[in-house]
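A.B. asks: Converting from the sequence shown to my numbering requires adding 29 to each position, the first position being numbered 1.
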Amino acid sequence: MARKKKQKRIKRPVAKKSSLFSLPEKAKRLILGVIMFLFATIISLSFFDLAGIAGKNFIKISNLLIGRTIFILPLLFLLSGLILFRNIKIKEEKIKSQARLIFLSIFILILGISGILSTLALNDNKEAIKEGGWLGYLSSMPLFKFFGFLATEIIFLSLVIIGSLIVFYLFSEGESSKKTSEEKEEKEEKPTLIKKIFGPKFKVKEISSNEENIPVLEKKPEKSIDIFSKTKTHTPALIQKGYSPPPIDLLKKDGDVPDVGDIKINSAIIKKTLQDFDIPVEMSEVNIGPTVTQYTLKPAEGIKLSKITGLSNDLSLALAASSIRIEAPIPGRSLVGIEVPNKTRAQVRLRNIIENPSFYDSSSNLTIALGKDVSGSPVFADLAKMPHLLVAGSTGSGKTIALNNIILSLVYKNGPDALRFILIDPKRVEFPVYNNLPHLLCPIIYDPQRTISALKWLILEMERRFEVLSLKKSRNIFTYNEKILKEDSDPMPYIVLIIDELADLMAAKGREIEAGIVRLAQMARAVGIHLVVATQRPSVEVITGLIKANITSRIALQVVSQIDSRTILDAAGAEKLLGQGDMLFISSSMTKPKRIQTAYVSEKEVKKVADYIKSEIELPKLEPLTQEELEGSSETNLEKGSYESSGEEDPLYEEAKKIVIEARKASSSLLQRRLRIGYARAARLIDILEERSVVGPADGAKPREVYIQPEQNDGEWKEV
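Here you go:
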């Protein structure tokens, strides 16, 4: 039988183990500078016999080697240490060349001075070894015989000048690097450091931060403009008379920078780990975000992406990371993204996001600031296009902060005439800071029964708005308000219903709550009514199939299990988030969830903004939706979709009728200002007046006709 040939095992390349030399280059330079100062001090002490036996032996050996040149050694080492400290901001690519130049200059100066001293001794017939040491004697003796005294001295003098020029260059390089650091950040540089590891060519630039030499993808710097100054004029989609946003100074700016670790080593570990499982890859870009750093790679042809996604635990072990999320592939690109948590995350502040021109220049009134993505770019979303939003995550994952971001984003873009809130807070501790906010349509709701009443009132208001839009021949609230603004009439405000904890409401009144949410989610988009629903228990009992089917835009924060993640997103991934606002966002226009770090806004900042709006903005004080109106709406028949009320049921009917007749015009805003009532009650009084034939029906852009003349006595028109 033929012997089987043993197959030779191919040795795979092993990544170099990290050691002391893997320290940051800044630390290496500082350590080397201290060593230079130490040498200078010990040599100086040796001259005075203060360095012990080691110092004496060093002097004897140095006298034999370089002679009297030993007296300039402390000066040379001192200059070298100063150069290292002075050039501490030099880029990583120049570190090795700079160290070589330092040692080269020391050698050239010692050789030149030793040669000069030995040549002088040879010319005077003195002992050359004693003057310049063996180094000076061996280098000057041949030259002295061939070129003579003068030429030899010129040669060694030239060496001294060359060494001095190198020292001068090293000093001047440190000064010039400080002056031109800002200019160099904007110039394109060759990726000499990353090219050896990542392979493909891509542009890199350095960011000035606490972490030195972090290469990131080059992108245009984000410009922040002061969009809140009183001198700046801007016209959003819905003009808001008499309203200016709160000062941006009430919010804090970003202050810290993420610590991403050693990108070079992490990239090598990722590549080596995948190669160990027979997955050859080509490393590509690196995106540094506030919470995670995304390492992108391109697998070789024929590699299944499932093989890469199945190695998340192995990569976590190799990188010593808490959890790793693999995005395979990155939407719109032929790359795979591996998201590694930063050693220290950077806190994202709401101010830095809403200062971005994209926020205030957007045509939509319902633009909200979500946070920053894995590359550190601000992310915005339009609530009008969502048109409803579901927020879910475990306790402490950042749901309330995300809701505060949504509220403040809307408040910074809309006044009470353009946007009204209905806030529902079953926990009673999250929204008290917004009490008496002019944007509120009714007081903050805490109990399930009033929540049902609010949902039923919203359904009635939705149906009333559909009738108004049909008379105006408008498809949605946006086109309706555009027509109304041209006629100098009062626009129809948006209404945003925000529920902080859906699980508590579903436990108490599950069927009624679900029916109301589903009815609004199905139809309320066109008339400007939007829902933002949050829960900390993402189970199928709370987030039912009907709710999921009608709320397609969702935010998933950190959850406990993959089952909860699939309940929210219909996909895994939320269980690998890091908490503290780390979230996945998906909408109907997206194929895969997008990872975002939500902005942090403290309770003090929220209170400052709310207090400013309450005290500083000069707006007519409107009475919000009252308890009686909510109770009245809870008794209505949802099937009919009409207001079953009569004049006797509202004590303000007579006064409203008198105001309309005297003013010769009828509108909800007129009754709101004159009677100090809420929008819902004013709209209901207008409907009652129309039923009693006091005013005519709405006729598109034309004002309602008032049938009763003011000359008639009270007895005549009170009987109407």
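Just so it is clear, CB atoms sit at the ideal spot from N, CA and C, and this is done for glycine as well. Predicted model only: the values in this text are computed from it and were never measured.
On a Cα-Cα basis, can you pick out the residue from Ile527, Ser392, Ile513 that is closest to Pro455?
C.D. replies: Your numbering for residue 455 matches position 426 in the sequence shown. That would be Ile527, whose Cα lies nearest to the Cα of Pro455.
A.B. asks: Please tell me whether Val377 and Gln323 are closer than 9 Å, where the distance is taken between their beta carbons.
C.D. replies: Looking up residue 377 in the sequence shown gives position 348. Looking up residue 323 in the sequence shown gives position 294. For Val377 and Gln323, no; Cβs fall outside 9 Å.
A.B. asks: Out of Glu496, Gly444, Glu604, Ala532, which one is the CA nearest neighbour of Pro477?
C.D. replies: Position 448 of the sequence shown holds residue 477. Taking only the C-alpha atoms, the option nearest Pro477 is Ala532.
A.B. asks: Please tell me whether Tyr629 and Leu439 are closer than 9 Å, where the distance is taken between their beta carbons.
C.D. replies: Against the sequence shown, residue 629 aligns to sequence position 600. Against the sequence shown, residue 439 aligns to sequence position 410. Not closer than 9 Å, so no.
A.B. asks: So, helix, strand or coil for Leu526, using DSSP?
C.D. replies: One-based indexing of the sequence shown puts residue 526 at position 497. Note: Leu526 maps to strand in three-state DSSP.
A.B. asks: Below 8 Å, how does it come out for the stretch 508 to 519 and the stretch 538 to 551: are there three or more Cβ pairs, yes or no?
C.D. replies: Two segments are said to touch when three or more pairs of C-beta atoms, one from each, lie closer than 8 Å; by this definition the stretch 508 to 519 does not touch the stretch 538 to 551.
A.B. asks: Using the rule of at least 16 other Cβ atoms within 10 Å of the residue's Cβ for burial, across every protein chain shown, is Val315 buried or exposed?
C.D. replies: By 1-based counting over the sequence shown, the position of residue 315 is 286. That one is buried.
A.B. asks: Where Phe460 and Ile473 are concerned, what is the direct C-alpha to C-alpha distance, given to the nearest angstrom?
C.D. replies: Indexing the sequence shown from 1 puts residue 460 at position 431. Indexing the sequence shown from 1 puts residue 473 at position 444. Distance between the alpha carbons of Phe460 and Ile473: 8 Å.
A.B. asks: Quick one: what does DSSP say Phe173 is sitting in, helix, strand or coil?
C.D. replies: By one-based count along the sequence shown, residue 173 stands at place 144. In the displayed model, Phe173 falls within a helix according to three-state DSSP.
A.B. asks: Could you give the residue range of the beta strand (DSSP E) that holds Ser335?
C.D. replies: Here residue 335 refers to the residue found at position 306 of the sequence shown. Note, Ser335: premise wrong, no beta strand (DSSP E); alpha helix (DSSP H) at 334 to 338.
A.B. asks: Let me confirm a value: Glu720 is counted as buried when at least 16 other C-beta atoms fall within 10 Å, else exposed. Which label applies?
C.D. replies: Here residue 720 refers to the residue found at position 691 of the sequence shown. With fewer than 16 Cβ atoms within 10 Å of its Cβ, Glu720 is classed as exposed.
A.B. asks: Can you name, in chain order, every residue of its own chain whose Cβ lies under 7 Å from the Cβ of Lys605, other than the five neighbours on each side?
C.D. replies: As a working note, residue 605 is residue 576 in the sequence shown. So the list reads Ser352, Arg354, once near-sequence residues are dropped.
A.B. asks: Looking only at its chain, what residues have a beta carbon closer than 7 Å to the beta carbon of Pro739, apart from the 5 residues adjacent to it on each side?
C.D. replies: As a working note, residue 739 is residue 710 in the sequence shown. If you ignore the 5 residues before and after Pro739, its C-beta comes within less than 7 Å of the C-beta of Ile690, Glu691, all in its own chain and listed in chain order.
A.B. asks: If you draw a straight line from the alpha carbon of Asp716 to that of Thr429, how long is it in whole angstroms?
C.D. replies: Residue numbering aside, residue 716 sits at position 687 when the sequence shown is read from its first letter. Residue numbering aside, residue 429 sits at position 400 when the sequence shown is read from its first letter. Taking the straight line joining both Cα atoms gives about 38 Å.
A.B. asks: Is the beta carbon of Val588 less than 9 Å from the beta carbon of Gly707?
C.D. replies: Translated into positions along the sequence shown, residue 588 becomes position 559. Translated into positions along the sequence shown, residue 707 becomes position 678. Not closer than 9 Å, so no.
A.B. asks: Consult DSSP for Arg354 and reduce its assignment to one of helix, strand or coil.
C.D. replies: Taking the first residue of the sequence shown as 1, we reach residue 354 at position 325. Three-state DSSP puts Arg354 in a strand.
A.B. asks: Within 10 Å of its beta-carbon, does Glu384 have 16 or more other beta-carbons around it, so buried, or fewer, so exposed?
C.D. replies: Working through the sequence shown from its first residue, we reach residue 384 at position 355. So Glu384 counts as buried.
A.B. asks: Give the range of the alpha helix (DSSP H) segment to which Tyr708 is assigned.
C.D. replies: Within the sequence shown, numbered from 1, the residue matching residue 708 stands at position 679. Note, Tyr708: alpha helix (DSSP H), 708 to 720.
A.B. asks: Could you give the residue range of the beta strand (DSSP E) that holds Asn316?
C.D. replies: By one-based count along the sequence shown, residue 316 stands at place 287. First-last of the beta strand (DSSP E) with Asn316: 310 to 317.
A.B. asks: What did DSSP end up calling Tyr198 once you bin it into helix, strand or coil?
C.D. replies: Stepping through the sequence shown from its first residue, residue 198 is reached at position 169. Tyr198 falls in the helix class under three-state DSSP.
A.B. asks: Please check the pair Pro567 and Thr596, which I expect to be a contact at CB under 8 Å, by giving their CB distance rounded to whole angstroms.
C.D. replies: What you label residue 567 is simply residue 538 of the sequence shown in a count that begins at 1. What you label residue 596 is simply residue 567 of the sequence shown in a count that begins at 1. The Cβ separation is near 5 Å, so the contact holds.
A.B. asks: Nearest CA to the CA of Val196: which residue from Ala603, Phe136, Thr396?
C.D. replies: For the purposes of this step, residue 196 is identified with residue 167 of the sequence shown, where counting begins at 1. Answer by Cα proximity: Phe136.
A.B. asks: Could you give the C-beta distance for Val497 and Ala639, rounded to a whole number, given that I count them as a contact under 8 Å?
C.D. replies: Here residue 497 corresponds to residue number 468 of the sequence shown, with the count starting at 1. Here residue 639 corresponds to residue number 610 of the sequence shown, with the count starting at 1. Wrong, their Cβ atoms sit about 31 Å apart, outside the cutoff.
A.B. asks: From this set, Asp283, Met312, Leu280, Val286, which residue's C-alpha is nearest Asn295's C-alpha?
C.D. replies: Looking up residue 295 in the sequence shown gives position 266. Nearest C-alpha to Asn295: Met312.
A.B. asks: Would you identify the three-state DSSP class for Gln587, choosing helix, strand or coil?
C.D. replies: As a working mapping, residue 587 is identified with position 558 in the sequence shown. Three-state DSSP puts Gln587 in coil, outside helix and strand.
A.B. asks: Please classify Gly177: is it buried, with 16 or more other beta-carbons within 10 angstroms of its beta-carbon, or exposed?
C.D. replies: As a first step, residue 177 must be located in the sequence shown, where it is residue number 148. Label assigned to Gly177: exposed.
A.B. asks: Quick one: what's got a C-beta closer than 8 Å to Lys643's C-beta in the same chain, skipping five residues either side?
C.D. replies: Looking up residue 643 in the sequence shown gives position 614. So the qualifying residues of the chain are Asn465, Leu466, Pro467.
A.B. asks: Roughly how many angstroms lie between the CA atoms of Pro732 and Glu645, to the nearest whole one?
C.D. replies: As a first step, residue 732 must be located in the sequence shown, where it is residue number 703. As a first step, residue 645 must be located in the sequence shown, where it is residue number 616. Using only the alpha carbons, I get a separation of about 33 Å.
A.B. asks: Tell me whether Ile90 is buried or exposed, calling it buried when 16 or more other Cβ atoms sit within 10 Å of its Cβ.
C.D. replies: Here residue 90 is taken as the residue at index 61 of the sequence shown, counted from 1. By the neighbour-count rule (16 or more Cβ atoms within 10 Å), Ile90 is not buried but exposed.
A.B. asks: Taking Cβ positions, are Asp343 and Phe388 nearer each other than 9 Å?
C.D. replies: Translated into the one-based positions of the sequence shown, residue 343 becomes position 314. Translated into the one-based positions of the sequence shown, residue 388 becomes position 359. Not closer than 9 Å, so no.
A.B. asks: Count the other C-beta atoms from every protein chain shown that fall within 10 angstroms of the C-beta of Tyr523, then say buried if there are 16 or more, exposed otherwise.
C.D. replies: Residue 523 sits at position 494 when you count from the first residue of the sequence shown. Buried, because 16 or more other Cβ atoms sit within 10 Å of the Cβ of Tyr523.
A.B. asks: Return the chain-ordered list of same chain residues with a C-beta closer than 6 Å to the C-beta of Ile436, the five sequence neighbours on each side being excluded.
C.D. replies: Your numbering for residue 436 matches position 407 in the sequence shown. Nothing listed; no residue qualifies.
A.B. asks: Once DSSP output is grouped into helix, strand and coil, what is the label at Asp640?
C.D. replies: Start at 1 with the first residue of the sequence shown, and residue 640 comes out as number 611. Asp640 falls in the helix class under three-state DSSP.
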